[in-house]
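Below is one structure, written out as structure tokens; the observations come after it.
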Amino acid sequence: YIDTHIYLFTHSQLCTHTHKISSQETSRLASDPVPGIIAKPFPSNLRHFYIEITGPTETCYEGGLFKLELFLPLEYPMCAPKIRFLTKIFHPNIDTLGRICLDILKEQWSPALTISKVLLSICSLLCDPNPDDPLVPEIAHIYKTIDRGTRIWRGSGRGNTRRSDIAYNEFERQEDGEK
């Protein structure tokens with residue numbers, strides 16, 4: 139005899155639980171901020187975060203300022219947060235819509251992971267892209283052929299980010315459908 143219990147949560151209970159988790163995550167981010175990352179919840183929706191990541195030093199993204207949005211679904215932490223880049227970025231694991239190919243955001247998600255750990259994983263992806271398992275194969279091919287020290291993005295000094303000449307030309311050709 140196997141006794142099974144099915145727990146059904148109302149929408150209100152899920153919202154309350156997610157709000158509590160979101161508040162804990164916000165407190166954790168404030169008390170132990172991740173260097174080079176700013177993460178703030180929207181005042182009107184504590185499940186929606188505004189993220190800024192400074193391009194990691196000694197990478198082709200150094201000097202860039204990358205804006206992202208993160209959203210905690212009602213099922214969080216049982217399912218991964220939804221996160222995407224708002225700043226266009228030339229990266230083999232990030233597409234033009236800002237979607238990120240990262241295993242912990244999909245099949246390797248664990249409820250033990252926190253927003254801080256997810257953001258650190260994204261920074262790690264900026265430091266070490268994975269062109270062998272790309273979301274954008276064309277960029278992976280280009281990435282494999284350019285010098286790793288080539289700055290793909292650079293800050294303009296006003297908080298905006300723009301493409302460097304080498305990546306800009308390659309990126310524009312891709313968007314225009316040229317090979």
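Just so we're aligned, residue 139 is where the sequence shown starts under this note's numbering, counting upward by one.
We put the CB at the ideal spot given by N, CA and C, even for glycine.
Which of helix, strand or coil DSSP assigns to P252:
Here the question's residue 252 lines up with position 114 in the sequence shown. For the sequence presented, residue 252 should be read as Thr rather than Pro. Looking at T252 - three-state DSSP - the assignment turns out to be coil, as it is neither helix nor strand.
Where K158 falls, given that 16 or more other Cβ within 10 Å makes a residue buried
By one-based count along the sequence shown, residue 158 stands at place 20. Under this definition K158 is an exposed residue.
Local conformation of I159 per DSSP, three classes
As a first step, residue 159 is located in the sequence shown; it is residue number 21 there, counting from the start. DSSP places I159 in the helix class (H, G or I) of the three-state scheme.
For T252 and P194, I'd like the C-alpha separation in whole angstroms.
Indexing the sequence shown from 1 puts residue 252 at position 114. Indexing the sequence shown from 1 puts residue 194 at position 56. So the alpha carbons of these two residues sit roughly 21 Å apart.
How many whole angstroms separate the CB atoms of I277 and P230, which I take to be in contact at a CB cut-off of 8 Å?
By one-based count along the sequence shown, residue 277 stands at place 139. By one-based count along the sequence shown, residue 230 stands at place 92. Under the criterion of beta carbons closer than 8 Å, I277 and P230 qualify as touching, at roughly 5 Å.
What does A177 pair with, by DSSP beta-bridge criteria?
Here residue 177 refers to the residue found at position 39 when the sequence shown is read from its first residue. Checking the DSSP bridge columns, you'll see A177 partnered with I189.
Between the alpha carbons of I191 and I284, how many angstroms are there, rounded?
Taking the first residue of the sequence shown as position 1, residue 191 is located at position 53. Taking the first residue of the sequence shown as position 1, residue 284 is located at position 146. If you take the alpha carbons of I191 and I284, they lie about 23 Å apart.
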